[in-house]
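Enquirer: For reference, the structure I am asking about is given below.
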Amino acid sequence: MAGVPGTASAIFSAVKDVGANVVMISQASSEHSVCFAVPEKEVKAVADVLESRFSQALSAGRLSQVLFKQPDNTLNSSQIAIILNCSILAAVGQRMASTPGVSATLFTALAKANINIRAIAQGCTEYNITVVVKREDCVRALRAVHSKIYLSRTIIAVGIVGPGLIGGTLLDQLKDQTVVLKEKFNIDLRVMGITGSRTMLLSESGIDLSRWRELLSLKGEMADMNKFVPHVRGNHFIPNTVMVDCTADSDIASYYYGWLHRGIHVVTPNKKANSGPLDQYLKLRALQRQSYTHYFYEATVGAGLPIISTLRGLFETGDKILRIEGIFSGTLSYIFNNFTGSRAFSQVVEEAKEAGYTEPDPRDDLSGTDVARKVIILARESGLKLELSDIPVQSLVPEPLRASASPEEFMQQLPQFDQEMATQRQVAEDAGEVLRYIGVVDIVNGKGTVELQRYSKEHPFAQLSGSDYIIAFTTERYAKQPLIVRGPGAGAEVTAGGVFCDILRLASYLGAPS
Numbered sequence: 033m034a035g036v037p038g039t040a041s042a043i044f045s046a047v048k049d050v051g052a053n054v055v056m057i058s059q060a061s062s063e064h065s066v067c068f069a070v071p072e073k074e075v076k077a078v079a080d081v082l083e084s085r086f087s088q089a090l091s092a093g094r095l096s097q098v099l100f101k102q103p104d105n106t107l108n109s110s111q112i113a114i115i116l117n118c119s120i121l122a123a124v125g126q127r128m129a130s131t132p133g134v135s136a137t138l139f140t141a142l143a144k145a146n147i148n149i150r151a152i153a154q155g156c157t158e159y160n161i162t163v164v165v166k167r168e169d170c171v172r173a174l175r176a177v178h179s180k181i182y183l184s185r186t187i188i189a190v191g192i193v194g195p196g197l198i199g200g201t202l203l204d205q206l207k208d209q210t211v212v213l214k215e216k217f218n219i220d221l222r223v224m225g226i227t228g229s230r231t232m233l234l235s236e237s238g239i240d241l242s243r244w245r246e247l248l249s250l251k252g253e254m255a256d257m258n259k260f261v262p263h264v265r266g267n268h269f270i271p272n273t274v275m276v277d278c279t280a281d282s283d284i285a286s287y288y289y290g291w292l293h294r295g296i297h298v299v300t301p302n303k304k305a306n307s308g309p310l311d312q313y314l315k316l317r318a319l320q321r322q323s324y325t326h327y328f329y330e331a332t333v334g335a336g337l338p339i340i341s342t343l344r345g346l347f348e349t350g351d352k353i354l355r356i357e358g359i360f361s362g363t364l365s366y367i368f369n370n371f372t373g374s375r376a377f378s379q380v381v382e383e384a385k386e387a388g389y390t391e392p393d394p395r396d397d398l399s400g401t402d403v404a405r406k407v408i409i410l411a412r413e414s415g416l417k418l419e420l421s422d423i424p425v426q427s428l429v430p431e432p433l434r435a436s437a438s439p440e441e442f443m444q445q446l447p448q449f450d451q452e453m454a455t456q457r458q459v460a461e462d463a464g465e466v467l468r469y470i471g472v473v474d475i476v477n478g479k480g481t482v483e484l485q486r487y488s489k490e491h492p493f494a495q496l497s498g499s500d501y502i503i504a505f506t507t508e509r510y511a512k513q514p515l516i517v518r519g520p521g522a523g524a525e526v527t528a529g530g531v532f533c534d535i536l537r538l539a540s541y542l543g544a545p546s
């Protein structure tokens with residue numbers, strides 16, 4: 033069509049002849065094609081008249097034939113490309129004229145809602161921007177744009193996977209803040225589904241969080257992820273969806289890539305995805321970076337502490353990370369903070385277990401695997417391409433007890449090995465030092481380690497109490513004195529709080545006022 037005079041005139045004259053109404057026109061300056069929209073009931077008449085009017089020009093080569101395929105919703109023709117099942121969304125306003133950023137706001141809102149734009153039109157008066165989207169996306173598109181320009185709340189459909197200790201605490205925190213978020217921050221978080229390993233609860237309008245435990249028990253149905261995810265995402269009146277995985281399940285983590293690919297945001301404290309096979313981790317991060325879909329996992333390393341965000345802030349401001357070293361286990365922090373004087377190691381472990389700091393099987397903590405997962409996450413965030421198997425881990429579980437039949441049997445036999453730990457403690461005390469179980473990411477040498485170390489009593493790692501975490505970042509800027517992040521790093525309240533912060537960060541990215 034480029035350089036062929038009268039083409040547009042002939043097109044719209046033909047459309048007029050069949051009495052069709054053109055509701056939108058879009059043509060690029062290249063003149064290679066003309067795109068316009070008509071009501072769907074008039075499509076066949078318009079297609080027939082255009083094929084008839086331009087048959088000779090196409091046969092003679094004065095116009096190029098169209099080779100156009102759209103699976104499922106397109107009537108293919110050698111001459112006319114017809115895209116069915118579309119809707120038009122228009123932003124109209126007098127104050128749009130000469131106001132920079134209006135178009136950007138519109139397009140960003142649609143992109144963040146994972147909505148593809150098929151055509152665009154804007155007049156020189158700037159009072160109207162019109163876009164064509166899939167019909168199935170039209171309501172979500174409208175809600176997304178309204179949210180972005182504050183005509184309505186930022187509404188997010190939330191699916192909670194794993195209503196256990198952390199997930200249940202998160203749901204209670206959401207319940208307490210729902211009204212405040214709506215009234216002060218214009219954020220409407222609607223929990224559309226809750227699923228455990230056996231039972232799930234679904235709602236069309238949002239679950240009453242003051243009764244979620246009761247409703248899950250009374251109205252719950254058999255858990256089915258193939259039904260759960262489409263339900264949470266299926267409400268077209270809610271433009272954005274987030275899945276919050278509060279489990280420690282590698283099977284649930286395997287869903288992340290598919291969720292992100294479908295435009296579903298992911299928030300999680302689950303370490304399995306980011307510490308799993310390196311190729312899967314790189315694939316997941318690549319997808320997240322190239323899309324408008326967000327993946328937040330601050331709580332995977334420091335629960336409610338800003339470990340990941342601090343590391344990213346250092347990188348993004350041009351600092352060079354040399355070493356990350358810290359106590360990454362609240363359980364082991366508690367144990368070695370209290371392993372003093374003449375107390376037996378097994379006695380302190382029993383105390384930690386009774387206080388709820390350990391896993392049901394304390395070997396899960398004492399093995400160091402959890403610390404190793406956090407080390408590998410930080411190593412990968414720092415640019416090191418390491419596998420979990422590349423991290424040497426010093427296990428605190430005595431070799432003969434690693435195959436104990438049960439946690440109870442393990443705890444009964446652990447006192448037999450108290451002397452070895454008591455000796456290590458005494459050697460450290462004689463040197464004016466304390467024992468600490470730490471993880472290290474050595475970026476300079478490209479490696480990570482998890483081991484029991486000794487530190488002087490003046491060292492920051494020796495000044496902890498309770499189950500506190502402490503992480504030291506040694507960088508080019510912080511070479512003489514490391515940047516230290518310290519605070520509670522274990523417990524359902526702080527972990528759920530960290531997940532909640534990520535959900536609110538997502539809301540701000542999606543248009544909520546900060």
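Per our numbering, the sequence shown starts with residue 33, numbered consecutively. Cβ coordinates follow ideal geometry from the N, Cα and C atoms, glycine included.
With DSSP as the reference, please indicate the residues paired to Tyr55 in a beta bridge.
Expert: Looking up residue 55 in the sequence shown gives position 23. Sequence inspection shows Val at residue 55; the Tyr mentioned does not correspond to that position. Val55 is not bridged to any residue.
Enquirer: Looking at the structure shown, is Thr279 part of a helix, part of a strand, or coil, going by DSSP?
Expert: One-based indexing of the sequence shown puts residue 279 at position 247. Note: Thr279 maps to coil in three-state DSSP.
Enquirer: Pop quiz: Ile219 and Thr186 are said to be a contact at Cβ under 8 Å. What is the actual Cβ separation, rounded to whole angstroms?
Expert: Within the sequence shown, residue 219 is the residue found at index 187, counting from 1. Within the sequence shown, residue 186 is the residue found at index 154, counting from 1. 5 Å between Cβ atoms; contact.
Enquirer: For my contact list, Leu343 and Lys417 are in at a C-beta cut-off of 8 Å; report their separation, rounded to the angstrom.
Expert: Taking the sequence shown and counting its residues from 1, the one referred to as residue 343 is at position 311. Taking the sequence shown and counting its residues from 1, the one referred to as residue 417 is at position 385. In fact, because the Cβ distance is near 16 Å, the residues do not count as touching under 8 Å.
Enquirer: Would a check of beta-carbon distances place Glu461 closer than 8 Å to chain B?
Expert: Looking at the structure shown, chain B is missing, and only one protein chain is on hand.
Enquirer: Consult DSSP for Phe100 and reduce its assignment to one of helix, strand or coil.
Expert: Start at 1 with the first residue of the sequence shown, and residue 100 comes out as number 68. Its pLDDT being 44, under 50, Phe100 is placed unreliably by the model, and the measurement read from it follows with that caveat. The answer is coil: DSSP assigns Phe100 none of H, G, I, E or B.
Enquirer: Give the straight-line distance between the Cα atoms of Asp92 and Phe86, rounded to the nearest whole angstrom.
Expert: On the sequence shown, position 60 is the one that residue 92 refers to. On the sequence shown, position 54 is the one that residue 86 refers to. Strictly speaking, residue 92 in this sequence is Ala, with Asp absent from that position. If I take the Cα positions, the gap works out to 10 Å.
Enquirer: Is it the case that the Cβ atoms of Ile147 and Val164 are separated by a distance below 8 Å?
Expert: What you label residue 147 is simply residue 115 of the sequence shown in a count that begins at 1. What you label residue 164 is simply residue 132 of the sequence shown in a count that begins at 1. Not a contact, by the Cβ cut-off of 8 Å.
Enquirer: In this structure, does DSSP put Arg434 in helix, strand or coil?
Expert: Looking up residue 434 in the sequence shown gives position 402. Coil at Arg434, not helix or strand.
Enquirer: For the putative contact between Val81 and Val70, defined by C-beta atoms under 8 Å, what is the C-beta separation to the nearest angstrom?
Expert: Working through the sequence shown from its first residue, we reach residue 81 at position 49. Working through the sequence shown from its first residue, we reach residue 70 at position 38. Rounded, the Cβ-Cβ distance is 11 Å, inconsistent with contact.
Enquirer: With DSSP run on the structure shown, which of helix, strand or coil describes Asp351?
Expert: To locate residue 351, count along the sequence shown from 1; it is residue 319. Three-state DSSP puts Asp351 in coil, outside helix and strand.
Enquirer: For Asp393 and Gln444, I'd like the C-alpha separation in whole angstroms.
Expert: Walking along the sequence shown from the start, residue 393 turns up at place 361. Walking along the sequence shown from the start, residue 444 turns up at place 412. Distance between the alpha carbons of Asp393 and Gln444 is about 13 Å.
Enquirer: Roughly how many whole angstroms lie between the Cα atoms of Ile475 and Gly415?
Expert: Working through the sequence shown from its first residue, we reach residue 475 at position 443. Working through the sequence shown from its first residue, we reach residue 415 at position 383. Distance between the alpha carbons of Ile475 and Gly415 is about 8 Å.
Enquirer: Please report the residue range of the alpha helix (DSSP H) in which Glu490 lies.
Expert: Locating residue 490 in the sequence shown gives position 458, where the first residue counts as 1. Where Glu490 is concerned, there is no enclosing alpha helix (DSSP H), given that its DSSP letter is neither H nor E.
Enquirer: Below 8 Å on the Cβ atoms is my contact criterion, and I expect Tyr287 with Leu316 to pass it. Report the Cβ-Cβ distance as a whole number of Å.
Expert: For the purposes of this step, residue 287 is taken as residue 255 along the sequence shown, with counting starting at 1. For the purposes of this step, residue 316 is taken as residue 284 along the sequence shown, with counting starting at 1. Contact doesn't hold; Cβ gap of about 11 Å is too wide.
Enquirer: Taking just the CA atoms, how far does Leu292 sit from Gln322?
Expert: Counting from one through the sequence shown, the residue named residue 322 turns up at place 290. Counting from one through the sequence shown, the residue named residue 292 turns up at place 260. C-alpha separation (whole angstroms): 11 Å.
Enquirer: Val55 to Val171, Cα distance in whole Å?
Expert: Translated into positions along the sequence shown, residue 55 becomes position 23. Translated into positions along the sequence shown, residue 171 becomes position 139. When rounded, the distance between both Cα atoms is 19 Å.
Enquirer: With a threshold of 16 other CB atoms inside 10 Å of the CB of Asn117, please say whether the residue is buried or exposed.
Expert: One-based indexing of the sequence shown puts residue 117 at position 85. With fewer than 16 other Cβ atoms within 10 Å, it is exposed.
Enquirer: On the premise that Ala255 lies in contact with Arg230, defined as a C-beta separation below 8 Å, what is that separation, rounded to the nearest angstrom?
Expert: What you label residue 230 is simply residue 198 of the sequence shown in a count that begins at 1. What you label residue 255 is simply residue 223 of the sequence shown in a count that begins at 1. Between Ala255 and Arg230 the Cβ distance is about 6 Å, and since that is below 8 Å, they are a contact.
Enquirer: Going by DSSP, what residue range makes up the alpha helix (DSSP H) through Val403?
Expert: Working through the sequence shown from its first residue, we reach residue 403 at position 371. Counting along the chain, the alpha helix (DSSP H) containing Val403 begins and ends at Thr401 to Glu413.
Enquirer: What number of angstroms, rounded off, separates the C-alpha of Phe532 from the C-alpha of Asp240?
Expert: What you label residue 532 is simply residue 500 of the sequence shown in a count that begins at 1. What you label residue 240 is simply residue 208 of the sequence shown in a count that begins at 1. Phe532 and Asp240: Cα-Cα distance of roughly 18 Å.
Enquirer: Nearest CA to the CA of Leu410: which residue from Leu213, Met275 and Asn306?
Expert: In the sequence shown, counting from the first residue as 1, residue 410 sits at position 378. The shortest Cα separation from Leu410 among Leu213, Met275 and Asn306 belongs to Asn306.
Enquirer: Using C-beta distances below 6 Å, list every residue in its chain close to Thr481, excluding the 5 sequence neighbours before and after it, in chain order.
Expert: Taking the sequence shown and counting its residues from 1, one reaches residue 481 at position 449. So the qualifying residues of the chain are Pro424 and Val472.
Enquirer: Would you kindly work out how many angstroms separate the C-alpha atoms of Pro301 and Thr332, rounded to a whole number?
Expert: For this step, residue 301 is matched to residue 269 along the sequence shown. For this step, residue 332 is matched to residue 300 along the sequence shown. Straight-line Cα distance between these residues: approximately 4 Å.
Enquirer: With distances taken Cα to Cα, identify the nearest neighbour of Leu2 among Thr527, Leu428, Pro492 and Thr325.
Expert: Nothing about residue 2 can be reported from this structure: the residues present for the chain run from 33 to 546 only.
Enquirer: Since Glu357 sits in a beta bridge, which residues does DSSP pair it with?
Expert: For this step, residue 357 is matched to residue 325 along the sequence shown. Looking at the DSSP assignment, Glu357 forms a beta bridge with Val472 and Ala504.
Enquirer: Is there contact between the segment 368-382 and the segment 520-540, where contact requires at least three CB pairs shorter than 8 Å?
Expert: With a cut-off of 8 Å, the segment 520-540 and the segment 368-382 do not count as touching, because too few Cβ pairs lie within range.
Enquirer: Please go through the same chain and pick out, in chain order, the residues whose beta-carbon is closer than 6 Å to the beta-carbon of Leu107, but skip the five residues on each side of it.
Expert: Here residue 107 refers to the residue found at position 75 of the sequence shown. With a pLDDT of 47 at Leu107, under the threshold of 50, the modelled position of this residue cannot be trusted, and the question is left open.
Enquirer: Apply the 10 Å Cβ neighbour rule to Lys101 and answer buried if 16 or more other Cβ atoms are within range, or exposed otherwise.
Expert: Looking up residue 101 in the sequence shown gives position 69. With a pLDDT of 44 at Lys101, under the threshold of 50, the modelled position of this residue cannot be trusted, and the question is left open.
Enquirer: Could you spell out the range, first to last residue, of the beta strand (DSSP E) harbouring His297?
Expert: Taking the sequence shown and counting its residues from 1, the one referred to as residue 297 is at position 265. It spans His297 to Val299 - the beta strand (DSSP E) in which His297 sits, taken as one unbroken run.
Enquirer: Can you tell me whether Ile535 is helix, strand or coil according to DSSP?
Expert: Within the sequence shown, numbered from 1, the residue matching residue 535 stands at position 503. Reduced to three states, the DSSP call for Ile535 is helix.
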